[in-house]
């Protein structure tokens, strides 16, 4: 292309600064590297993580990542889809309840802030109870609990379907209630449980043997939580994702045990267990890869005690992913 | 014969490469992009101030360790937020970042502030990667390429300061001239190429979806209640119109990287960008995204045309500030020649 016809049709008021041949060679080498780094990430997205592209992208990640080039540019592609909203119910220590939906056009202003929150909730849409969902949902719940000082958080992912044109032509509104569908499998019911009184001595990193933990203790008040300064041990209930089979449960590196004979009925009813009657201890690997493995110790015929070492002052989210009515949940809590 | 062909081909490619990337260019367009992109970067980061604690505070939506596991980030992503947690220090850095971006927009110490602006942009983006969208990606590329050349050569405080300093040495009737710059050309060329990559993959990505083939995608876009900022449901009764809009959009995006280069098709391609991105801005509520895409498209506008438009108000009373003896008619002639 003739540069005179392009952006270089410039004012030659004074002599331009030119580059030496050596400098041009160096810059050209950088240009080749840079242009490859620009094209590889979207090509990787488009090609569905194909082998050679993936390898090349990985090989250039030392350049792609720091330069902020790791983008797919799939704007509204491949298809514009439904929206995902996060509906949360917060229960404050005084019993009051707050209901909030994210994003909220009235609260999140200017529009850019609204889109930031919209992106946060959109991250939850990827698959049923996927790792990404688990990755984000837990910190979202933690943030909301901290922000509002709530003691209990319930998160519901709501799918807002797009209205078909013929229905809109017939009078349907885009926010018609029939277009909103709660997603029960992604429902998160979280309680912030106070760390119990300090365990004697410093807690070792990782798990402690079940016999060290002693019997379960009563939950303290939230006021006692703030003053905790040394490592504490809390009880934990966790319901593993029933949609997964045993082999699919992510296991943290270094895991030494696993649940054998994990069955389709394997979701853990809170602190109750009706299978594996001949076993005393179990190690559970949570769907959340961030969560350490959990030792379960049988304390009764149909009861398991789960313990997890916690850092001082850390709050713990109790999650469940089953479809039991929420109202029954406290009754199952010991 | 084959050897000669290969030799000619290599020489031709080398000459074309040299001309394309290393021809010094008037930095007018580059400087205008600095103002607009700088303002967008400043606004984007200023908005974080409203919910700074929610996103960067002690108990944020996304803790650092979670963000670092997010699929959006690679292993070499970095952010100053990964190492600093002290609230007062984070706030101090935040206001420093805003000050840097304001200086960059105004063109004050622009070579230094351009680099700092890019570093801040990447640092913020990597801290809140899951909350990003297209705006941030284009912000990042503009900030990156504005570090390559003298983005403060025109329309800047740097320029004004230099003029004042030179004015004492030069005769009063001779304003200091603008120096064509390889860096400005390089920055513009890379914005152009990057925009081509963006549109190409945006178009190809759409071609993997059924709705962009059957013509319903445009309806699905405007039917999103969460995106909608203006009621476009009247399109429900105009399926043919939505189908045409769908096909034009995907065709335009996929062919942008080819048709934006020839002199004859470039104006058409750029003119089509205006309704497309203004439509996204006005109807889908993404004003910032629509505008930043238009700023990126500005890289294809010639410096002469930029001068003709930007300096028109300035020329009404006096000679153009950056162009010695440039008359309005001469500027127009040059703009016409460029296009």
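Protein chains in written order, with my numbering: chain A, 816 to 1149; chain B, -13 to 325. Every residue gets a Cβ at the ideal spot worked out from N, C-alpha and C, and that includes glycine.
message = Using a Cβ-Cβ cutoff of less than 6 Å, which residues in the same chain neighbour residue 203 of chain B once the five nearest sequence positions on both sides are dropped?
response = Result list for residue 203 of chain B: 197 and 232, in chain order.
ask   = Near residue 79 of chain B, what residues of its chain come up, given a Cβ to Cβ distance below 8 Å and the 5 sequence neighbours on each side ignored?
value = If we look at residue 79 of chain B and ignore the five residues flanking it on each side, its Cβ neighbours are 66 and 70.
message = Can you pull out the residues from the region 210 to 227 of chain B whose beta carbon lies closer than 8 Å to at least one beta carbon of chain A?
response = Residues passing the 8 Å Cβ filter: 210, 211, 212, 213, 214, 215, 219, 221, 222, 223 and 225.
query = If you drop the 5 nearest sequence neighbours on each side, which residues of the same chain put their C-beta closer than 7 Å to that of residue 84 of chain B?
reply = So the list reads 28, 31 and 32, once near-sequence residues are dropped.
message = In the DSSP assignment, the alpha helix (DSSP H) including residue 898 of chain A goes from what residue to what residue?
response = That residue, residue 898 of chain A, is in no alpha helix (DSSP H); its beta strand (DSSP E) goes 898 to 906.
request  = Go to residue 916 of chain A, then tell me how far its beta strand (DSSP E) extends in each direction, as first and last residue.
outcome  = Counting along the chain, the beta strand (DSSP E) containing residue 916 of chain A begins and ends at 912 to 917.
request  = Could you spell out where the alpha helix (DSSP H) holding residue 168 of chain B opens and where it closes?
outcome  = Residue 168 of chain B: member of the alpha helix (DSSP H) spanning 168 to 193, first to last residue.
ask   = Tell me which same chain residues have a C-beta within less than 8 Å of the C-beta of residue 166 of chain B, skipping the five on either side of it?
value = Closer than 8 Å at Cβ, skipping near neighbours: 10, 11, 12 and 13.
task = Report the neighbours of residue 65 of chain B on chain A: residues whose CB is nearer than 7 Å to its CB, in chain order.
result = The premise fails here: residue 65 of chain B is roughly 10 Å from chain A at the closest Cβ pair, so nothing lies under 7 Å.
inquiry  = Against chain B, with Cβ distances strictly below 7 Å, would residue 1139 of chain A count as a contact?
reply    = Confidence at residue 1139 of chain A is low in this model, with a pLDDT of 28, below 50, so its placement is unreliable and the value that follows should be read with caution. Cβ-Cβ to chain B under 7 Å: no for residue 1139 of chain A.
Backbone CA spacing between residue 857 of chain A and residue 867 of chain A [nearest angstrom] = Spanning the alpha carbons of residue 857 of chain A and residue 867 of chain A requires a straight line of approximately 14 Å.
message = Is residue -9 of chain B close to chain A? Criterion is C-beta to C-beta, closer than 7 Å.
response = So no, residue -9 of chain B is outside the interface.
inquiry  = For residue 108 of chain B and residue 981 of chain A, what's the separation of their Cα atoms in angstroms?
reply    = If you take the alpha carbons of residue 108 of chain B and residue 981 of chain A, they lie about 44 Å apart.
ask   = If you check the beta carbons only, do residue 984 of chain A and residue 235 of chain B fall under 7 Å apart?
value = Inclusion of residue 984 of chain A and residue 235 of chain B in the CB contact set at 7 Å is not warranted, their separation being larger than that value.
message = Can you tell me whether residue 1231 of chain A is helix, strand or coil according to DSSP?
response = Only positions 816 to 1149 of chain A appear in the structure, and residue 1231 of chain A is not among them; the question remains open.
Distance between residue 994 of chain A and residue 194 of chain B (C-alpha atoms, nearest Å) = If you draw a straight line from the Cα of residue 194 of chain B to the Cα of residue 994 of chain A, it comes to about 25 Å.
request  = Count the CB pairs spanning the region 949 to 957 of chain A and the region 176 to 183 of chain B that are closer than 8 Å, and state whether there are at least three.
outcome  = By the Cβ rule, the region 949 to 957 of chain A does not count as touching the region 176 to 183 of chain B, because fewer than three pairs are nearer than 8 Å.
query = So, is the C-beta of residue 987 of chain A closer than 7 Å to a C-beta in chain B?
reply = Cβ-Cβ to chain B under 7 Å: no for residue 987 of chain A.
query = So, does the CB of residue 8 of chain B fall closer than 7 Å to a CB anywhere in chain A?
reply = It does; some Cβ of chain A falls within 7 Å.
query = Do residue 132 of chain B and residue 100 of chain B come within 7 Å of each other at the CB atom, strictly closer than that value?
reply = Yes, Cβ-Cβ distance for residue 100 of chain B and residue 132 of chain B is below 7 Å.
request  = Let me know if residue 217 of chain B comes out buried or exposed under the rule of 16 or more other beta-carbons within 10 Å of its beta-carbon.
outcome  = Residue environment for residue 217 of chain B: exposed (fewer than 16 other C-beta atoms within 10 angstroms of its C-beta).
inquiry  = With a threshold of 8 Å, are at least 3 pairs of Cβ atoms found where one atom belongs to the region -7 to 0 of chain B and the other to the region 236 to 243 of chain B?
reply    = With a cut-off of 8 Å, the region 236 to 243 of chain B and the region -7 to 0 of chain B do not count as touching, because too few Cβ pairs lie within range.
key: Under 7 Å by beta carbon: chain B residues contacting residue 890 of chain A   = Here the neighbours are 120 and 188.
Within-7 Å CB hit, residue 295 of chain B to chain A = Contact of residue 295 of chain B with chain A is not assigned, every C-beta pair being separated by 7 Å or more.
ask   = In its own chain, which residues sit with a C-beta less than 6 Å from the C-beta of residue -8 of chain B, not counting the 5 before and 5 after it?
value = Exclusion of the five residues before and after residue -8 of chain B leaves no residue of its chain whose Cβ lies closer than 6 Å to its Cβ.
ask   = Name the residues in the region 950 to 983 of chain A whose C-beta lies less than 9 Å from a C-beta of chain B; which are they?
value = Answer in chain order: 950, 951, 953, 954, 955, 957, 958, 959, 960, 961, 962, 975, 977, 978, 979, 980, 981, 982 and 983.
inquiry  = Please classify residue 1124 of chain A as buried or exposed, where buried requires at least 16 neighbouring CB atoms within 10 angstroms.
reply    = Below a pLDDT of 50, predicted positions are generally treated as unreliable, and residue 1124 of chain A, at 40, falls in that range; the measurement from the model is reported next regardless. Residue 1124 of chain A should be labelled buried.
query = Closest by CA to residue 52 of chain B, which one among A/909, A/899, A/957 and A/976?
reply = The candidate whose alpha carbon is nearest that of residue 52 of chain B is A/957.
ask   = When you check each C-beta in the region 894 to 906 of chain A against every C-beta of chain B, which residues fall closer than 7 Å?
value = Result list: 894, 895 and 898.
request  = For the region 835 to 846 of chain A, enumerate the residues whose C-beta is nearer than 8 Å to any C-beta of chain B, in chain order.
outcome  = Result list: 839, 842, 843 and 846.
ask   = Within 7 Å (strictly less), CB to CB, does residue 876 of chain A reach chain B?
value = For residue 876 of chain A, the answer is yes, since a Cβ of chain B falls inside 7 Å of its Cβ.
query = Any Cβ of chain B within less than 7 Å of the Cβ of residue 919 of chain A?
reply = At a cut-off of 7 Å between beta-carbon atoms, residue 919 of chain A makes no contact with chain B.
Buried versus exposed, by CB contacts within 10 Å (16 or more), residue 102 of chain B = Classification for residue 102 of chain B: buried.
ask   = Under the rule that 16 or more other beta-carbon atoms within 10 Å means buried, what is residue 91 of chain B, buried or exposed?
value = Here residue 91 of chain B is buried, its C-beta having at least 16 other C-beta atoms within 10 Å.
task = Determine, using beta carbons only, whether residue 264 of chain B and residue 19 of chain B come nearer to each other than 7 Å.
result = Not a contact, by the Cβ cut-off of 7 Å.
key: Given residue 208 of chain B as reference, the closest of A/900, A/979 and A/991 once Cα atoms are compared   = Out of A/900, A/979 and A/991, A/979 has the C-alpha closest to the C-alpha of residue 208 of chain B.
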